[in-house]
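Everything on this sheet refers to the single structure shown next.
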Amino acid sequence: MNTREDIASDLPGTPPARSARLRRVLAHPLVWMLIGIVAIVAVDAVCTGVGSLFGWLGTILGALLGGALAIVLYRLVMRRLAGRPTPELTLEPRPAARGALLGAAIGAGFVVVSVALVALLGGYTVAWHPVDAARTVALVVAVNIGAAVVEELVFRGLALQAIERLGGGRRLGQVLAVAITAAFFGGAHLLNPGATLWSGFAIAVEAGLLTGAAFLWKRNLWLVIGLHAAWNILEGLLGIAVSGHRDPGLFVTTAHGPAILSGGTFGLEASIVPVLVGIAIAVPMLIAARRRA
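In my numbering, the protein residues as written are 1 to 293.
Here it is as structure tokens:
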């Protein structure tokens, strides 16, 4: 298997001095981060865009193919450009499944607790109202798994680890990596329907901080993918808008009262409740990660 030392020598006619410079450039964290992000986002956009042209089945296949290709691209960028293995995204079934299931349990618990608290405070009423249940479940699960894979490989896989390396991998580098990726994660959702500065900040804290802390805790991208996917899948099935996007679910959840409680049209992520719940879960993870460092 080629490493970054072999990349330039694979190019015919490349002079040794130029090869060395090219290796150094490609091995820089900002370079492999940007190349990886552009490649993953572009491939996913093509897959989901083309898939959507072929109805609900095409949408499912496009989302899953985009996620699968994102995994291939991530491993390729890390091995060929960054010059390192990818234990954080192992393809061994058992450790990958354990990480994903643990993450899914955390994500599901986060949503269940948050929705229950909002409902108890009078912010939600939830009613069973399935429409074409099998198709609804298939769409919600596939689309959100694909999105979770792509977003976590971009933000926690590439961006967080690149920024951490720029900081020397020390504690300050980890803090900066989590803070910066959380801020960008919240900012990326400002373009969503119904977004406000508050919703962007809320997502940065509850999602960016929580997934960043989870990654530092276990160094396992399957865990944060499982967390992210379970979070969005449960929201979708409950009929709650997922970051401003509302699609049919198995339930219909109606918001009541102030948007600071219910999240309004943006959905659960714009409620103060999951912000507090997310912090409560993230802090112990950060403490555990610090002790393991």
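Just so you know, even glycine gets a beta-carbon here, dropped at the ideal spot from N, CA and C.
Counting other Cβ atoms within 10 Å of its Cβ, P274 reaches 16 or more and is therefore classed as buried. For G66, same chain residues with a beta-carbon under 7 Å away, outside a window of 5 residues either side, are V43, D44, C47, T48, G146 and V150 in chain order. Per the DSSP secondary-structure output, A282 pairs with nothing in a beta bridge.
For the 8 Å CB-CB criterion, F266 and A195 form a contact. By the neighbour-count criterion, in which a residue is buried when 16 or more other Cβ atoms sit within 10 angstroms of its Cβ, H189 is buried. Between V143 and T59, the CB-CB gap stays under 8 Å. When the alpha-carbon of G123 is set against those of L91, A282, G257 and D132, the nearest one is in G257. Less than 8 Å divides the Cβ of G226 from the Cβ of L102.
About 6 Å separates the CB atoms of L210 and I281; that is less than 8 Å, so the two are in contact.
Looking at G212, L238, S262 and G278, the one whose alpha-carbon comes closest to that of V154 is G212.
With distances taken between CA atoms, G99 lies nearest to V224 out of R246, A39, I35 and V224.
Nearest C-alpha to L286 among A259, A202, A179 and P95: A179.
Taking a 10 Å sphere around the C-beta of G55, we find fewer than 16 other C-beta atoms and assign the residue as exposed. Less than 8 Å divides the Cβ of S114 from the Cβ of L268. Judged by DSSP secondary structure, T86 falls outside any alpha helix (DSSP H); it is assigned neither H nor E. Approximately 6 Å separates the beta-carbon atoms of I233 and V141; this is inside 8 Å, confirming the contact. C-alpha of W198 to C-alpha of A230: approximately 23 Å in a straight line.
R165 and R292 have their C-alpha atoms roughly 18 Å apart.
Its chain contains G244 as the residues whose beta carbon lies nearer than 6 Å to that of P193, once the 5 sequence neighbours on both sides are disregarded; these appear in chain order.
Selection F251, A63, A214 and A20 evaluated against P130 yields F251 as nearest (Cα-Cα). DSSP, reduced to helix, strand and coil, places A195 outside both helices and strands of the structure shown, so it counts as coil. Under the DSSP assignment, F251 falls outside any alpha helix (DSSP H), being part of the beta strand (DSSP E) whose first and last residues are F251 to A255.
Secondary structure remark: continuous alpha helix (DSSP H) runs of at least 4 residues inside the region 53-110, in chain order: 55-77. Close CB contacts of L191 within its chain, under the 8 Å cut and outside five residues either way in sequence, are absent.
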